[in-house]
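2 protein chains.
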Amino acid sequence: MNKIVLAQIDTIAGDIKTNSEKIISCIRKAKENSADIVIFPELSLIGYPCGDIFMRHKSIIEKQIKALEKIAFETQGITALVGFAEPTNDSNKKPFYNSVAVIQNYKIINITRKRLLPNYGEFNDYRYFEPSKEVPKIFKINSQKYGILVCEDSFNDKSFFKNDSLYAIDPVKDLIKQRPDTLINCSCSPSRCNKEFIKNSLFSSIAKKYKVNYIYVNQAGYADNLSFDGTSRIYDKNGDLVLRAKTFDEDFVITSDLKGEINPLPNGMDKEIKIDDFELNYNNDLDRTYKSIIFAIREYFKKNGFDKAVLGLSGGLDSSVCAVLLSDALGKKNVWGISMPSKITSNESKNDAKLLAENLGINFFEIPLKDTLDAMKITLNSSFENVETEKYEKPTTMENLQARLRATILWSISNEYKRMLPIATSDKSEAYIGYATVNGDMSGGFAPIADVTKTKLFALADFLNENRAEKNVIPQSILQKPPGAELKINPETGKTVCAEEENMPYEFLDEIIWFVENRGFGFDDLINHKFFYESKNPISLEQKEEWINKFYWKSKCAVYKWHIMPPSVVVDMHSINSVEYRQPVISWVK
Amino acid sequence: MNKIVLAQIDTIAGDIKTNSEKIISCIRKAKENSADIVIFPELSLIGYPCGDIFMRHKSIIEKQIKALEKIAFETQGITALVGFAEPTNDSNKKPFYNSVAVIQNYKIINITRKRLLPNYGEFNDYRYFEPSKEVPKIFKINSQKYGILVCEDSFNDKSFFKNDSLYAIDPVKDLIKQRPDTLINCSCSPSRCNKEFIKNSLFSSIAKKYKVNYIYVNQAGYADNLSFDGTSRIYDKNGDLVLRAKTFDEDFVITSDLKGEINPLPNGMDKEIKIDDFELNYNNDLDRTYKSIIFAIREYFKKNGFDKAVLGLSGGLDSSVCAVLLSDALGKKNVWGISMPSKITSNESKNDAKLLAENLGINFFEIPLKDTLDAMKITLNSSFENVETEKYEKPTTMENLQARLRATILWSISNEYKRMLPIATSDKSEAYIGYATVNGDMSGGFAPIADVTKTKLFALADFLNENRAEKNVIPQSILQKPPGAELKINPETGKTVCAEEENMPYEFLDEIIWFVENRGFGFDDLINHKFFYESKNPISLEQKEEWINKFYWKSKCAVYKWHIMPPSVVVDMHSINSVEYRQPVISWVK
Chain G
1 MNKIVLAQID TIAGDIKTNS EKIISCIRKA KENSADIVIF PELSLIGYPC
51 GDIFMRHKSI IEKQIKALEK IAFETQGITA LVGFAEPTND SNKKPFYNSV
101 AVIQNYKIIN ITRKRLLPNY GEFNDYRYFE PSKEVPKIFK INSQKYGILV
151 CEDSFNDKSF FKNDSLYAID PVKDLIKQRP DTLINCSCSP SRCNKEFIKN
201 SLFSSIAKKY KVNYIYVNQA GYADNLSFDG TSRIYDKNGD LVLRAKTFDE
251 DFVITSDLKG EINPLPNGMD KEIKIDDFEL NYNNDLDRTY KSIIFAIREY
301 FKKNGFDKAV LGLSGGLDSS VCAVLLSDAL GKKNVWGISM PSKITSNESK
351 NDAKLLAENL GINFFEIPLK DTLDAMKITL NSSFENVETE KYEKPTTMEN
401 LQARLRATIL WSISNEYKRM LPIATSDKSE AYIGYATVNG DMSGGFAPIA
451 DVTKTKLFAL ADFLNENRAE KNVIPQSILQ KPPGAELKIN PETGKTVCAE
501 EENMPYEFLD EIIWFVENRG FGFDDLINHK FFYESKNPIS LEQKEEWINK
551 FYWKSKCAVY KWHIMPPSVV VDMHSINSVE YRQPVISWVK
Chain C
1 MNKIVLAQID TIAGDIKTNS EKIISCIRKA KENSADIVIF PELSLIGYPC
51 GDIFMRHKSI IEKQIKALEK IAFETQGITA LVGFAEPTND SNKKPFYNSV
101 AVIQNYKIIN ITRKRLLPNY GEFNDYRYFE PSKEVPKIFK INSQKYGILV
151 CEDSFNDKSF FKNDSLYAID PVKDLIKQRP DTLINCSCSP SRCNKEFIKN
201 SLFSSIAKKY KVNYIYVNQA GYADNLSFDG TSRIYDKNGD LVLRAKTFDE
251 DFVITSDLKG EINPLPNGMD KEIKIDDFEL NYNNDLDRTY KSIIFAIREY
301 FKKNGFDKAV LGLSGGLDSS VCAVLLSDAL GKKNVWGISM PSKITSNESK
351 NDAKLLAENL GINFFEIPLK DTLDAMKITL NSSFENVETE KYEKPTTMEN
401 LQARLRATIL WSISNEYKRM LPIATSDKSE AYIGYATVNG DMSGGFAPIA
451 DVTKTKLFAL ADFLNENRAE KNVIPQSILQ KPPGAELKIN PETGKTVCAE
501 EENMPYEFLD EIIWFVENRG FGFDDLINHK FFYESKNPIS LEQKEEWINK
551 FYWKSKCAVY KWHIMPPSVV VDMHSINSVE YRQPVISWVK
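These protein sequences, in sequence, are chains G and C. When we follow my numbering, the leftmost residue of the first sequence carries the number 1, and every step to the right adds one. When we follow my numbering, the leftmost residue of the second sequence carries the number 1, and every step to the right adds one.
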């Protein structure tokens, strides 16, 4: 048997120098360990996803080809599988193939070109790559026969996907005809809710059905709003999992018998998330969600040259969860939580913010908003005297002003101190309906929870309170009060207006979002749908219709905000993140 | 001969109700005029571009199919060519064909499915559509034979494009074999610099080569950052242009002899813009640029329910040109120009802003920044006492603060008054190198000049001064002073720091941008390139290298800002607008 290395590396889009140095250092380490084969993820040399950069900046491709020669120079006595963008040199074709080069003793002895090109959601392969029409050849190393699959090539098993198979051909079948001993899948597959369950079942079934070993090497890293979880692994000819690399971390795994340590997954990640019904039990996905976000924060900061974060602490759920996540990702000494109360802010909120910061041990202080707010109000009121045109009956000016001045303070702090990024604390439910202020709470250098709905966020907060070394850092009072921005007072009650009063119950809203994203529901479907919320809280048809209409109208107005959202990590099955979903500002959806 | 209508309509993505009502009203009007055929643009029923909305929101497709039946009901005695997304109903294919239905007497008598699917720049056809493998059939109406091309299908003439032809097949050739009398091209083709010249030459040469009439019907409208110019037309069998519809406006053109009025183009639009060399003479593209932006503003505002704009007037070039464009697009009564001087602002700038507003006749007043700025400074300084970590040697805090408070004022005004949008005044040169403030001058509901470089902007300002009814509205002093944000003082000179001091000469920067975008130049190419700027201003190699390095470093840091840019209209051949160019924030390009 050959000694094999699964080089589960992280790459940077277009950074040929960094990527090739990492590849070479892995090859050297593999040689030191007398390995026969070292396997890298899909497109490991050019980085994935690259967006359009290698289409516009030709020098990236030139550097890539030179780097491939340099890598070849390191392959004496070893075989390296390196993913790269291979020019087609045919103007009638797309400019590149998505290829894996098998390099041995200075020479490329085999090239496998990706045949199935995903072009949905976060994937845009067909924008750059030509789908290969040829069946790749298997190759032999020390009498063992190997066949290569490039990511999606392994995802069209007709008996597994049945009517959901997206392509006419199955590249696995075509490889199997050549009787390989082992299939090698070089991938860049981001972590999404439920995806591990599907991958595990699929790979295992392929290994078992065809009686082959199955090696999967996946990128570990964060790029362009996506967390790549790594979790490379090997299945034996019975379909049994016999080795698994780390999750949400780079890894370098050596095996001489195709077996090895089975690293643990985040809790629940191997479970199927039922996608037939919406439910408020997010348990199976909380640990993965947590680790995915932590990993994203850490990588995004590191790769962009930041190591500190500053965020506003309102004493509410969103900013509290963000603070915990940032503290765990960057270290508590590197997080500044700022309380910026206005006169509307309750004492309870002020105390909650402080208590949270103390529990976490992050840096904390208060900046009262009063003086700037007063000065700005006087300035604005005098300017409003000069504008003679139709006013809103209930303008949102003063609510938004508080949020905007707070963000101005956070950005100012980040402008003053080195390597410090301000944080946008908006959650997914709010983003959907635009319940966040432009240049206010939705503004920042990174948005950690922009793909976590409010109901899931409550579950995540409980999870954090129970599962971190320090228990209950998020005060119970934060978890028990109704969410709201504390930006305006209801004149009738004298209390701050809570979010559900202005919008609709979050349980209802989150269920709409779930069915729109996962089932493609439209207005009629939603009206006819029996909401989980309704089973507990009977509501009239008028009420239901009002909320559903509100959802459509508010999201229409929110699309502009989706377009200017800071980078954030995708964690759900589907999202409104521009990396996977594009809706023109001028559009109508219902 | 048949009486033909070119229905050059505007559509809204996903808004089946609005689009189908417009289509039906055109069919009725065509019937009233005893027309035989009425031709609509590509995908006219579902709207173009739709982004991902019809993939996620299935109800849009359901509504579209019902609307098609309704439209068919209107076709007694007339033939309508309607573009729609046709479900493939085959999970192994992409979900839709990009099709044109020929509907006559309640029935679809022919369907032409697009064969060449562009997937570069602003086009993403292959994300949604299956390329048709079949050669469409021509059809006969009153003994005249017609063949349909869907946009890109007409753009692969091998003798015209030579080595730049992107596809193996030429659908025009396949149609011609069936001997049609007339080719009909249903398109959604956005206006880009130089595109009219290419289209005109190509269509004319096809008509002439094959001795066929050539009818081109293009969408007129603004959607998702793109201005669709319309400019539908007919060429006769000699390749001569014999009819041309309006540019940047909807139109409804009837012809009984395939001839008609030849509407004028914007000046210079028919000229080839030389793309071998960069030059500072933008003359051939100024009128098109102007009309394209005006059209974009008008449509964006109207379709989003706005009719008024508010912008800061600094007395500088960017905001001045924006004010003229907004005034022309929305009417001077609907534009509010606000001067927001700080103590750094020169009297000259204050006067220039006022003079410009008076010349234009827009609403104008001054809001001094001093009080809020002072209050915020005190607040910030006291907060900075609480942060103990590494400071920047030269923090940008106070510069950015001015820009952010100005934007806060503009957003506040737009929150107070109905249907009023704040304007982001950043230009393309600044956007490239991030010389604009997040939540400051780059923030707004729309960015009119985000794809106009500074040197072109100077030319555009001259053009506006010479070509509008009211001459010289932009004061000469604005055109003569060196551009700069007036946000900080150079302690050595006591004067405000101008942009070229901090960055590099705009002529040099714009030439870099041009060669990167149009020639794919990398660092080495730029170093070896003899700059137009150099021929007039000899510079050392060190200086050149410093500027080029600065360009790469500053644009790397600016990518984040590109991701949160407000919607803006693309006018150049290439841009950094996310509608056509995607670069991950974590990436390296040089």
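A virtual CB, placed ideally from N, CA and C, is assigned to each residue, including glycine.
(request) Could you have a look at Lys17 (chain C) and say whether DSSP puts it in helix, strand or coil? (result) Residue numbering aside, residue 17 (chain C) sits at position 17 when the second sequence is read from its first letter. Lys17 (chain C) carries a helical assignment under DSSP once its states are collapsed to helix, strand and coil.
(request) Would you please verify whether the beta carbon of Ser59 (chain C) is less than 7 Å from any beta carbon of chain G? (result) In the second sequence, residue 59 (chain C) corresponds to position 59, counting from 1. Yes, Ser59 (chain C) counts as interfacial toward chain G.
(message) Run through chain G and tell me which residues come within less than 9 Å of Asn537 (chain C), C-beta to C-beta.
(response) Locating residue 537 (chain C) in the second sequence gives position 537, counting from the first residue. Residues of chain G passing the Cβ test: none, with the nearest at roughly 26 Å.
(request) Anything in chain C within Cβ reach of Lys87 (chain G), meaning under 7 Å, just list it in chain order. (result) Taking the first residue of the first sequence as position 1, residue 87 (chain G) is located at position 87. Reading off the sequence, residue 87 (chain G) comes out as Pro, not Lys. What Pro87 (chain G) touches in chain C: nothing, since even the nearest Cβ is about 13 Å away.
(request) Reducing DSSP to helix, strand and coil, say where Cys322 (chain G) ends up. (result) Taking the first residue of the first sequence as 1, we reach residue 322 (chain G) at position 322. Cys322 (chain G) falls in the helix class under three-state DSSP.
(request) Please check if any C-beta of chain G sits within less than 7 Å of the C-beta of Gly14 (chain C). (result) Counting from one through the second sequence, the residue named residue 14 (chain C) turns up at place 14. Interface criterion met: the Cβ of Gly14 (chain C) is under 7 Å from a Cβ in chain G.
(message) Considering Cα atoms alone, identify which of C:Ile262, C:Leu149, C:Tyr290 and C:Leu330 is closest to Ala309 (chain C).
(response) Start at 1 with the first residue of the second sequence, and residue 309 (chain C) comes out as number 309. Closest option to Ala309 (chain C), Cα to Cα, is C:Leu330.
(message) What ranges does the beta strand (DSSP E) occupy inside the stretch 116 to 195 of chain G, keeping only unbroken runs of at least 3 residues that lie completely in it?
(response) Within the stretch 116 to 195 of chain G, the complete beta strand (DSSP E) runs of at least 3 residues are 139 to 141, 144 to 150 and 182 to 187.
(request) For Tyr552 (chain C), go through chain G and note every residue whose CB falls closer than 7 Å to its CB, in chain order. (result) Within the second sequence, the letter at position 552 stands for residue 552 (chain C). Correct list: empty, because the minimum Cβ distance to chain G is about 10 Å.
(request) Count the other C-beta atoms from every protein chain shown that fall within 10 angstroms of the C-beta of Ala168 (chain G), then say buried if there are 16 or more, exposed otherwise. (result) Here residue 168 (chain G) refers to the residue found at position 168 of the first sequence. Result: exposed.
(request) Run down chain C in chain order and give the residues with a C-beta less than 7 Å from the C-beta of Asp164 (chain G). (result) Position 164 of the first sequence holds residue 164 (chain G). Those are Ser91, listed as they occur along chain C.
(message) For a minimum of 4 consecutive residues, which ranges assigned as the alpha helix (DSSP H) are wholly contained in the stretch 493 to 541 of chain G?
(response) DSSP runs (the alpha helix (DSSP H)) wholly in the stretch 493 to 541 of chain G: 499 to 502, 506 to 519, 523 to 528 and 532 to 536.
(message) Taking 6 Å as the cut-off, is the C-beta of Tyr235 (chain G) nearer than that to any heavy atom in the ligand MN?
(response) Although the ligand MN was asked about, the structure shown includes no ligands whatsoever.
(message) In whole angstroms, give me the CA-to-CA distance for Asn284 (chain C) and Pro266 (chain C).
(response) Position 284 of the second sequence holds residue 284 (chain C). Position 266 of the second sequence holds residue 266 (chain C). Whole-angstrom Cα-Cα distance: 9 Å.
(message) Output needed for Ile344 (chain C): all residues of its chain with C-beta closer than 8 Å, excluding positions within five of it in sequence on either side, in chain order.
(response) For this step, residue 344 (chain C) is matched to residue 344 along the second sequence. Around Ile344 (chain C): Gln402, Glu486, Leu487, Lys488, Ile489 and Thr496.
(request) Assess, as a yes-or-no matter, whether the stretch 389 to 407 of chain C is touched by the stretch 391 to 398 of chain G under the definition of 3 or more beta carbon pairs within less than 8 Å. (result) As far as the Cβ criterion goes, the stretch 391 to 398 of chain G does not touch the stretch 389 to 407 of chain C, which means the pair count is below three.
(message) With distance defined between alpha-carbon atoms, name the residue in G:Tyr214, G:Phe252 and G:Ile46 nearest to Asp593 (chain G).
(response) Outside the displayed span of chain G (1 to 590) sits residue 593 (chain G), for which this structure offers no information.
(request) Using a Cβ-Cβ cut-off of 7 Å, state whether Tyr581 (chain C) counts as contacting chain G. (result) By one-based count along the second sequence, residue 581 (chain C) stands at place 581. So yes, Tyr581 (chain C) belongs to the interface.
(request) Pair every Cβ in the stretch 528 to 548 of chain G with every Cβ in the stretch 13 to 27 of chain C, then say whether three or more of these pairs are closer than 8 Å. (result) In this structure the stretch 528 to 548 of chain G does not touch the stretch 13 to 27 of chain C; the number of beta carbon pairs closer than 8 Å is below three.
(request) Tell me whether Leu243 (chain G) is buried or exposed, calling it buried when 16 or more other Cβ atoms sit within 10 Å of its Cβ. (result) Position 243 of the first sequence, counting from 1, holds the residue named residue 243 (chain G). Answer is buried; the Cβ neighbour count reaches 16.
(request) Examine chain G for any beta-carbon lying closer than 7 Å to the beta-carbon of Met340 (chain C), and answer yes or no. (result) In the second sequence, counting from the first residue as 1, residue 340 (chain C) sits at position 340. No, its Cβ sits nowhere closer than 7 Å to a Cβ of chain G.
(request) Decide yes or no for the touch test of the stretch 556 to 573 of chain G against the stretch 418 to 438 of chain G: beta carbon pairs closer than 8 Å, at least 3 of them. (result) A contact between stretches requires three or more CB pairs, one per stretch, nearer than 8 Å, and the stretch 556 to 573 of chain G meets this requirement with the stretch 418 to 438 of chain G.
(request) Mind listing the chain C neighbours of Ser443 (chain G)? Cutoff is C-beta to C-beta under 7 Å, in chain order. (result) Start at 1 with the first residue of the first sequence, and residue 443 (chain G) comes out as number 443. Close partners of Ser443 (chain G) in chain C (Cβ separation under 7 Å): Asn439.
(request) Could you check which residue in G:Ser535, G:Thr389 and G:Ala7 has the C-alpha nearest to that of Leu593 (chain G)? (result) The structure shown has nothing for residue 593 (chain G), since chain G only spans 1 to 590.
(request) Output the boundary residues of the beta strand (DSSP E) element that contains Trp336 (chain C). (result) The sequence position of residue 336 (chain C) within the second sequence is 336, counting from 1. That run of the beta strand (DSSP E) goes Val335 to Ser339.
(message) Strictly below 7 Å CB to CB, what residues from chain C border Trp547 (chain G)?
(response) As a working mapping, residue 547 (chain G) is identified with position 547 in the first sequence. For Trp547 (chain G), there are no neighbours in chain C by C-beta distance under 7 Å, as the nearest C-beta there is about 18 Å away.
(message) Please report the distance separating the alpha-carbon of Glu250 (chain C) from that of Ser575 (chain C).
(response) Residue mapping note: residue 250 (chain C) aligns to position 250 of the second sequence, counting from 1. Residue mapping note: residue 575 (chain C) aligns to position 575 of the second sequence, counting from 1. Straight-line Cα distance between these residues: approximately 26 Å.
(request) Work out the CA separation of Phe248 (chain G) and Gln219 (chain G) for me, nearest whole Å. (result) For the purposes of this step, residue 219 (chain G) is taken as residue 219 along the first sequence, with counting starting at 1. For the purposes of this step, residue 248 (chain G) is taken as residue 248 along the first sequence, with counting starting at 1. Near 9 Å, if we compare the C-alpha coordinates of Phe248 (chain G) and Gln219 (chain G).
(request) Starting from the Cα of Glu470 (chain C), find the closest Cα among C:Cys50, C:Thr182 and C:Asp328 and give me that residue. (result) Residue mapping note: residue 470 (chain C) aligns to position 470 of the second sequence, counting from 1. Residue C:Asp328 is the option with its Cα nearest to Glu470 (chain C).
(message) Can you check which of these residues, C:Val516, C:Phe551, C:Ser346 and C:Lys418, is closest to Glu430 (chain C) by C-alpha distance?
(response) Position 430 of the second sequence, counted from the start, is the residue given in the question as residue 430 (chain C). Out of C:Val516, C:Phe551, C:Ser346 and C:Lys418, C:Phe551 has the C-alpha closest to the C-alpha of Glu430 (chain C).
(request) Go through its chain and collect everything with a Cβ distance to Ile478 (chain C)'s Cβ below 8 Å, but skip five positions before and after it. (result) Translated into the one-based positions of the second sequence, residue 478 (chain C) becomes position 478. Same-chain partners within the cutoff: Gly315, Gly316, Leu317, Ser320, Asp352, Leu356 and Ala461.
(message) If you measure between the beta carbons of Ala101 (chain C) and Pro584 (chain G), is that distance less than 7 Å?
(response) Residue mapping note: residue 101 (chain C) aligns to position 101 of the second sequence, counting from 1. Residue mapping note: residue 584 (chain G) aligns to position 584 of the first sequence, counting from 1. Going by C-beta atoms, Ala101 (chain C) is not nearer than 7 Å to Pro584 (chain G).
(message) So the candidates are G:Asn518, G:Ile24 and G:Arg113; which of them puts its Cα closest to the Cα of Gln76 (chain G)?
(response) As a first step, residue 76 (chain G) must be located in the first sequence, where it is residue number 76. Distance from the Cα of Gln76 (chain G) is smallest, within the candidate group G:Asn518, G:Ile24 and G:Arg113, for G:Ile24.
(request) Kindly list, in the order they appear in chain C, the residues whose Cβ is closer than 8 Å to that of Thr453 (chain G). (result) For this step, residue 453 (chain G) is matched to residue 453 along the first sequence. Contacts between Thr453 (chain G) and chain C, judged by CB atoms closer than 8 Å, are missing: the closest CB pair is about 17 Å apart.
(message) According to DSSP, simplified to helix, strand and coil, what is Tyr214 (chain C)?
(response) Mapped onto the second sequence, residue 214 (chain C) falls at position 214. Three-state result, Tyr214 (chain C): strand.
(message) So, for Arg192 (chain G): in the same chain, excluding its five sequence neighbours on each side, which residues have a beta-carbon less than 8 Å away from its beta-carbon?
(response) By one-based count along the first sequence, residue 192 (chain G) stands at place 192. So the qualifying residues of the chain are Val570, Val571, Asp572 and Met573.
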